[in-house]
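Undergrad: Mind having a look at this structure? Questions to follow.
In my numbering, the protein residues as written are -10 to 414.
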């Protein structure tokens, strides 16, 4: 009997081990995500459930800032790391990753699924060499946020009539308020510079697809106009005293303070203010005083707002490419993007989401966000984006040092010198 019990025990143990082995053999798709409030993790669970036991999606958190996210992914992908299946990728890095062979290129059939009903800006950000190499997931843009009481006092109505940067700065000066921007020495400043140059009808690079042989476009009239606006704000009473270290959240705090007047910032601003009221850290009167309009013009022509968001890319080293494509389709459906937009307050890439009643309740400016994303200008789509961005921000910082007659030319020279290894950043 003792031997029989031992034999039965071994059989049970072997069955348990086999069962564990069966569970562990379930394909796991590792999705590397940027930090959010849990929205991507919820989508991972929903798409795991939808897979019906054929695979599971697991999220792994990347660092908080875009530069560090890029560095971590590049290190692993450069080593042919097959543990990365899906990745939430900042649009400016798509060209670099695709050019290095890190990203799966979608078939024409998959491209049709991933781009159907998607706004123009996000689609453009996910292309390289005429092919879709990332699926637009969520998009983003900046609006002009303003305090209605301040605008009324200054005698302007940005929601009714497009305003220029000059008008906004002068309105803030006249009312003793500030114009909040992002001008620290980081990527957010590049977003502002690029939007100014684009709104003036120019580009930072004339031929970004040329790699190291690019021809800078910032040393033009458009670059001069952009530098003039930066210098005008930095030298005015409308500038935040901490403009040279200003970022999204510091600007939001200042805009909601007693000196707040105007601000350019991403679409999450209104949702964040609503949550602050619910949490008791912001007065309802401040929320009621916040309004929005299209990004300011540079010279009277229609503005080209910033383009942000996240593209969903599949690693070319993934061992589960077919499952990853299926999961990406689940993550980027209109229903998924609606759920993510309501949870994270980040705008969808698919235009139809903005017509949803729940979305329009949470985002009363939904039409403006959609319009702005469609008209948005991407940052330079080049494999050497990090070098171009770092060089541009370096010469334009601090904002008070910007010289419209000198800075654009200095930037153009530094970009070329860096790309040809004549200068190290």
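The beta carbon of each residue, even a glycine, is placed where N, CA and C say it ideally should be.
Small disclaimer: the values here were computed from a predicted structure and weren't measured.
Alpha carbon to alpha carbon, what distance is there between residue 245 and residue 270?
TA: C-alpha separation (whole angstroms): 11 Å.
Undergrad: Jot down the residue ranges of each uninterrupted beta strand (DSSP E) in the segment 128 to 197, minimum 3 residues, whole runs only, in chain order.
TA: If we require 3 residues or more, the beta strand (DSSP E) runs fully inside the segment 128 to 197 come out as 167 to 169.
Undergrad: Determine the DSSP secondary structure at residue 349, reduced to helix, strand or coil.
TA: DSSP places residue 349 in helix when its eight states are reduced to three.
Undergrad: Please go through the segment 340 to 395 and give each complete alpha helix (DSSP H) segment of 4 or more residues, from N-terminal end onward.
TA: Entirely contained in the segment 340 to 395, the alpha helix (DSSP H) runs reaching 4 residues are, in chain order, 346 to 351, 355 to 364, 374 to 385.
Undergrad: Determine, using beta-carbon pairs with one atom in the segment 177 to 190 and one in the segment 349 to 361, whether at least three such pairs fall under 8 Å.
TA: Short answer: they don't touch.
Undergrad: Answer with buried or exposed for residue 204, where buried requires no fewer than 16 other C-beta atoms within 10 angstroms of its C-beta.
TA: Counting Cβ neighbours within 10 Å, residue 204 comes out exposed, since fewer than 16 surround it.
Undergrad: Pick from 196, 227, 183, 149: whose alpha carbon is nearest that of residue 211?
TA: That would be 183, whose Cα lies nearest to the Cα of residue 211.
Undergrad: I'd like to know whether the C-beta atoms of residue 167 and residue 284 end up nearer to each other than 9 Å.
TA: Contact flag unset, no.
Undergrad: Using the C-alpha atoms, what's the distance from residue 164 back to residue 22?
TA: Near 42 Å, if we compare the C-alpha coordinates of residue 164 and residue 22.
Undergrad: Considering only the alpha carbon of each residue, which of 88, 127, 208 lies closest to residue 298?
TA: Checking every option, the nearest Cα to that of residue 298 belongs to 127.
Undergrad: Less than 9 Å between the beta carbons of residue 58 and residue 38, yes or no?
TA: Going by C-beta atoms, residue 58 is not nearer than 9 Å to residue 38.
Undergrad: Quick one: which unbroken alpha helix (DSSP H) runs of 4-plus residues sit fully inside the segment 50 to 90? Chain order, please.
TA: As far as the segment 50 to 90 is concerned, its whole alpha helix (DSSP H) runs of at least 4 residues are 55 to 67, 83 to 88.
Undergrad: Between the C-alpha atoms of residue 390 and residue 231, what's the straight-line distance to the nearest angstrom?
TA: If I take the Cα positions, the gap works out to 14 Å.
Undergrad: Give the DSSP-derived three-state secondary structure of residue 103 in the structure shown.
TA: Note: residue 103 maps to helix in three-state DSSP.
Undergrad: Going by the DSSP bridge assignment, what does residue 320 pair with across the sheet?
TA: For residue 320, which the question treats as bridged, DSSP gives no partner whatsoever.
Undergrad: Near residue 347, what residues of its chain come up, given a Cβ to Cβ distance below 8 Å and the 5 sequence neighbours on each side ignored?
TA: So the qualifying residues of the chain are 327, 331.
Undergrad: Where does residue 21 fall in DSSP's three states?
TA: If DSSP states are grouped into helix, strand and coil, residue 21 belongs with the strands.
Undergrad: Helix, strand or coil for residue 309? Go by DSSP, reduced to three states.
TA: Coil, per DSSP.
Undergrad: When the Cα atoms are used, what is the spatial distance from residue 365 to residue 264?
TA: Taking the straight line from one Cα to the other gives about 27 Å.
Undergrad: Quick one: residues in its chain with C-beta nearer than 7 Å to the C-beta of residue 36, no 5 flanking neighbours on either side, listed in chain order?
TA: Around residue 36: 46, 316, 319, 320.
Undergrad: Who are the near neighbours of residue 379 in its chain, counting only those whose CB is closer than 7 Å to its CB and skipping five residues on each side?
TA: So the list reads 414, once near-sequence residues are dropped.
Undergrad: For the pair the segment 110 to 121 and the segment 93 to 100, tell me if three or more CB-CB distances fall below 8 Å.
TA: Counting Cβ pairs under 8 Å, three or more are found: they touch.
Undergrad: Rounded to the nearest angstrom, what separates residue 400 and residue 291 at their Cα positions?
TA: One C-alpha to the other measures close to 25 Å.
Undergrad: Find out if the Cβ-Cβ distance for the pair residue 371, residue 111 is shorter than 9 Å.
TA: No, the Cβ-Cβ distance between residue 371 and residue 111 is not below 9 Å.
Undergrad: Using only the alpha-carbon positions, how far apart do residue 343 and residue 105 sit?
TA: In a straight line, the C-alpha of residue 343 is about 15 Å away from that of residue 105.
Undergrad: Measure the C-alpha to C-alpha separation of residue 54 and residue 308 and round it to an integer number of angstroms.
TA: So the two alpha carbons sit approximately 28 Å from each other.
Undergrad: Using DSSP with H/G/I as helix, E/B as strand and the rest coil, what is residue 12?
TA: Residue confidence for residue 12 is low, a pLDDT of 46 falling below 50, so the modelled location carries little weight; the figure read from the coordinates is stated next. In this structure, residue 12 counts as helix in the three-state DSSP scheme.
Undergrad: Just the Cα atoms here: how many angstroms apart are residue 50 and residue 323?
TA: Rounded to whole angstroms, residue 50 to residue 323 spans 24 Å at the Cα level.
Undergrad: Could you check what DSSP says for residue 414 in three-state terms: helix, strand or coil?
TA: Here residue 414 sits in coil by DSSP.
Undergrad: Can you name, in chain order, every residue of its own chain whose Cβ lies under 7 Å from the Cβ of residue 201, other than the five neighbours on each side?
TA: Taken in chain order, the residues that qualify are 373, 408, 409.
Undergrad: In three-state terms, what does DSSP make of residue 280?
TA: In the structure shown, residue 280 sits in a strand (DSSP, three-state: E or B).
Undergrad: Helix, strand or coil: how does DSSP classify residue 115 here?
TA: Correct three-state label for residue 115: coil.
Undergrad: Mapping the DSSP letters down to three states, classify residue 290 as helix, strand or coil.
TA: If DSSP states are grouped into helix, strand and coil, residue 290 belongs with coil.
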